[in-house]
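Visitor:
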Amino acid sequence: MVNWWKQSTFYEIYLPSFKDGNGDGIGDFVGITSKLDYLKELGIDGLWLTPFYPSPKVDNGYDISEYKSIDPDYGTMEDFEAFIKEAHQRGIRVIADLVLNHTSTDHKWFQESKSSKDHPKREWYIWRDEPNNWESFFGGSAWEYNEATNQYYYHAFAKEQVDLNWANPEVKQAMFDVMKFWLEKGVDGFRLDVINFLKVNDSFKDNPYDVEKNEQNHLYDKDQEGIFPVITEIAEFVHQYPDKFLVGEVGSEDLKILKQYSGLNKLDVVFNFNIGSIGAFDSDKIFNQLAETEQVYHPTQIPTLFFSSHDMSRHISRFGGDEDRAKLVAALMLTAKGVPFIYYGDEIGMRDWVTDDIAKMKDVQGLMAYELEIQSKQSHEKALAVANEKSRDKSRTPMQWNSHSNVGFSETLPWITIPTHAYKINVENQQNDLNSMLSFYKRLLKLRKVHSSLGLGNYEFLRNENGMIYFVRKDQFEKILVILNFSDQSKSLNIAACFASDTEMLLSSKRTSLEGGNLVTILANEAMILKGDI
Ligand code: TEU
Ligand code: CA
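Each residue of the sequence shown is one higher than the last, beginning at 645 in our numbering.
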């Protein structure tokens, strides 16, 4: 039996921004449940929900203060259970985002830990007499002084997100207990937040400085040797439960490091940011990453494919705002080898939001950047520009359901600003338009369901010719040729090398039929999918 996730497409829901069910301006479980039919019709197989546990929300839930409850903003445990039940009834799996690396400083474990040096929970976190030079990923020192006990605690992210000490077996046990709780509630797996951060180097040596990148090289605070046994223990624990899935967030530019986190007795898959988060559009870069992954990964290892998330600008905005290009990116994501993760709203081409008012900024990373700029005597304008650069609010605006008040997200003003451009782009507009972004996603998702090779096939070849990426996916039943012309010129391709027999056009982003013959013309910025016999 093939693991279900190998043929699944996931959809990331940024919880506060998907659908408000009770009119308080914050997305919630009642809201998501009411949109399950939409998701089913879209054709996704699994949902990744960002953290829904009680949290002071310094980092919107990635600062958990209680691991076995639902944050009241998102509903009750009954709402959660009803949601899981309804999702499962529609054949939609649900994975929960779990933050094992750190807790909120409000968590009672930390409250106890900081109360005294002798408290049994002291060793649950990382305390030192002196800080070293390690920097927080949100900027500034990663160490915060605690006056009462005259020591510093370590935080890789905001100072309100305190790192747990995974060298302590009690911490591990407590977290296994948390996983058990949610698995028994019926979640189908976890997205493990910054999972390569769990271990830090116990020498606490200073990190070197990377002169080229002009930033600290995080040599000693992530990807430490001791991490792999922990990964295996987590994987073995979770996989005691049948059919559960683990995706790890591993921020590493080095594929050889990334590769070590997934496979037998490890995580099922890990995110590859090298493809997902490329800045300006560059089809060669995308191609090279696909090709390199093919080389470096073991044949049994499955990559992931994503181009947007709650931590980055949406790909349509990042890549210049062009709809045709966004369709090409979608086609690549849903036909290349890997488990795809669609970010909510990308299926309708939602755009980024950038603010001109610092008072409207919500993201801790953006706010922190602003503060640091002001502290170093930069002007407000400069600080705002830097903050916008860093802010992840860009992609966190409310899902655009229709053109009515608050884009159909809520009856009231939402927790985060709705950009003025948002009203034009919405689900309602696109639902009955065959040429819309939404219809294109639906067609692609349907193809993936019908054609096994798109989920499980290997590449027969994978090429890049002057901005046109093409590949054949093949399994025992069929061969599918995907041609993605990212260039602004039309190109021709002789498909005789791919197919001996006749071909059938399964999809094009620009036309409805294709003339016969081996020489196929691909229009500028066109995505085309052809099928032939093996
Ligand atoms: O992100 C980890 C992470 O590496 C981010 O800091 C990322 O580098 C940055 O956002 C890029 O702009 C995870 C979560 O996805 C993120 O939302 C959390 O803020 C972070 O962990 C801390 O829990
Ligand atoms: Ca709500």
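Glycine included, each C-beta is placed from N, C-alpha and C at the ideal position. Nothing here was measured: the structure is a model prediction, and the numbers come from that model.
Taking all protein chains shown into account, do 16 or more other C-beta atoms lie within 10 angstroms of the C-beta of residue 716, making it buried, or fewer, making it exposed?
Guide: Its Cβ having fewer than 16 others within 10 Å, residue 716 is exposed.
Visitor: Check residue 682 in the structure and name its three-state DSSP category.
Guide: DSSP places residue 682 in helix when its eight states are reduced to three.
Visitor: Would you list the residues sitting across from residue 741 in a DSSP beta bridge?
Guide: Answer by DSSP bridge pairing, in chain order: 835.
Visitor: Does ligand 1 have even one heavy atom less than 6 Å from the beta-carbon of residue 706?
Guide: Because some heavy atom of ligand 1 lies under 6 Å away, the Cβ of residue 706 counts as near it: yes.
Visitor: What are the complete beta strand (DSSP E) segments, minimum 3 residues, inside the stretch 937–967?
Guide: Listed in chain order, nothing qualifies, since the stretch 937–967 has no complete beta strand (DSSP E) run of 3 or more residues.
Visitor: Any idea if residue 1081 is buried or exposed, counting beta-carbon neighbours within 10 angstroms, 16 or more meaning buried?
Guide: Buried, because 16 or more other Cβ atoms sit within 10 Å of the Cβ of residue 1081.
Visitor: State yes or no: is the C-beta of residue 672 nearer than 6 Å to some heavy atom of ligand 4?
Guide: Here the bound small molecules are ligand 1 and ligand 2; ligand 4 is not part of this structure.
Visitor: What residue range does the alpha helix (DSSP H) around residue 815 cover?
Guide: Note, residue 815: alpha helix (DSSP H), 813–828.
Visitor: Which residues in the same chain have their Cβ closer than 6 Å to the Cβ of residue 865, if we skip the five residues on either side of it in sequence?
Guide: Here the set comprises 778 and 844.
Visitor: Which residues bound the beta strand (DSSP E) around residue 747?
Guide: Here the beta strand (DSSP E) through residue 747 covers 746–748.
Visitor: Please look up how many angstroms separate the CB atoms of residue 1035 and residue 987, rounded, as I've assumed it's under 8 Å.
Guide: That pair is no contact at about 16 Å.
Visitor: Kindly list the residues whose CB is nearer than 6 Å to the CB of residue 870, restricted to its own chain and excluding five residues on each side of it in sequence; keep chain order.
Guide: For residue 870, where only same-chain residues beyond five positions count, the Cβ hits under 6 Å are 843.
Visitor: Hey, which unbroken runs of the beta strand (DSSP E) at 3 residues or more fall wholly within the stretch 1114–1171?
Guide: Correct list: 1123–1129, 1135–1138, 1148–1152 and 1163–1166.
Visitor: What whole-angstrom Cβ distance do residue 835 and residue 880 have, given they're in contact under 8 Å?
Guide: Not really, about 18 Å apart at Cβ, beyond 8 Å.
Visitor: For residue 1105 and residue 1174, I'd like the C-alpha separation in whole angstroms.
Guide: Rounded to the nearest angstrom, the two C-alpha atoms are 14 Å apart.
Visitor: Look at residue 679 and residue 671 and say whether their C-beta atoms are less than 7 Å apart.
Guide: No, they are not a contact pair.
Visitor: Can you give me the start and stop residues for the alpha helix (DSSP H) that residue 920 sits inside?
Guide: 917–920 is the extent of the alpha helix (DSSP H) around residue 920.
Visitor: Report the rounded CA-to-CA distance for residue 652 versus residue 789, giving the unit in angstroms.
Guide: Rounded to whole angstroms, residue 652 to residue 789 spans 46 Å at the Cα level.
Visitor: Looking at residue 1027 and residue 1014, is the spacing between their C-beta atoms short of 7 Å?
Guide: It is a contact, given that the beta carbons lie within the stated cut-off.
Visitor: Does the distance between the C-beta of residue 666 and the nearest non-hydrogen atom of ligand 2 fall short of 6 Å?
Guide: Checking the Cβ of residue 666 against ligand 2 gives yes.
Visitor: Does the contact criterion of 3 or more C-beta pairs under 8 Å hold for the stretch 915–925 versus the stretch 944–960?
Guide: With a cut-off of 8 Å, the stretch 944–960 and the stretch 915–925 count as touching, because enough Cβ pairs lie within range.
Visitor: When we look at the beta-carbon of residue 1032 and count the other beta-carbons within 10 Å, is it buried (16 or more) or exposed?
Guide: Result: buried.
Visitor: Check whether the stretch 1157–1170 and the stretch 1137–1148 are in contact - that is, three or more C-beta pairs closer than 8 Å.
Guide: At 8 Å Cβ cutoff, the stretches touch.
Visitor: Alpha carbons only, please: which of 909, 802, 754 and 1003 is nearest the one belonging to residue 765?
Guide: When each option's Cα is compared against that of residue 765, the closest is 754.
Visitor: Given 6 Å as the limit, tell me if residue 781 has its C-beta closer than that to any heavy atom belonging to ligand 1.
Guide: Indeed, a heavy atom of ligand 1 lies less than 6 Å from the Cβ.
Visitor: Provide the residue span of the beta strand (DSSP E) that contains residue 790, from first to last.
Guide: It spans 787–790 - the beta strand (DSSP E) in which residue 790 sits, taken as one unbroken run.
Visitor: Give the secondary structure of residue 998 by DSSP, where H, G and I count as helix, E and B as strand, and everything else as coil.
Guide: If DSSP states are grouped into helix, strand and coil, residue 998 belongs with coil.
Visitor: What does residue 1107 pair with, by DSSP beta-bridge criteria?
Guide: Note: residue 1107 sits in a beta bridge opposite 1114.
Visitor: On the premise that residue 676 lies in contact with residue 688, defined as a C-beta separation below 8 Å, what is that separation, rounded to the nearest angstrom?
Guide: With a Cβ gap of about 13 Å, residue 688 and residue 676 do not count as contacting.
Visitor: Quick check: does the Cβ of residue 913 come within less than 6 Å of any heavy atom belonging to ligand 1?
Guide: Checking the Cβ of residue 913 against ligand 1 gives no.
Visitor: Out of curiosity, what's the CA-to-CA distance linking residue 795 and residue 1089?
Guide: Cα to Cα, the separation comes out at about 53 Å.
Visitor: What does the alpha-carbon distance come out to for the pair residue 908 and residue 667?
Guide: Computed Cα separation, rounded: 45 Å.
Visitor: Tell me whether the beta-carbon of residue 915 lies closer than 7 Å to the beta-carbon of residue 937.
Guide: No, these two residues do not count as a Cβ contact at 7 Å.
Visitor: One question on the structure: do residue 738 and residue 691 come within less than 7 Å of each other, judged by their Cβ atoms?
Guide: Yes, the Cβ-Cβ distance between residue 738 and residue 691 is below 7 Å.
Visitor: Using a threshold of 7 Å, state whether the C-beta atoms of residue 1062 and residue 1051 are closer than that.
Guide: In contact: residue 1062 and residue 1051 (Cβ atoms closer than 7 Å).
Visitor: Mapping DSSP to helix, strand and coil, what is residue 863?
Guide: Looking at residue 863 - three-state DSSP - the assignment turns out to be coil, as it is neither helix nor strand.
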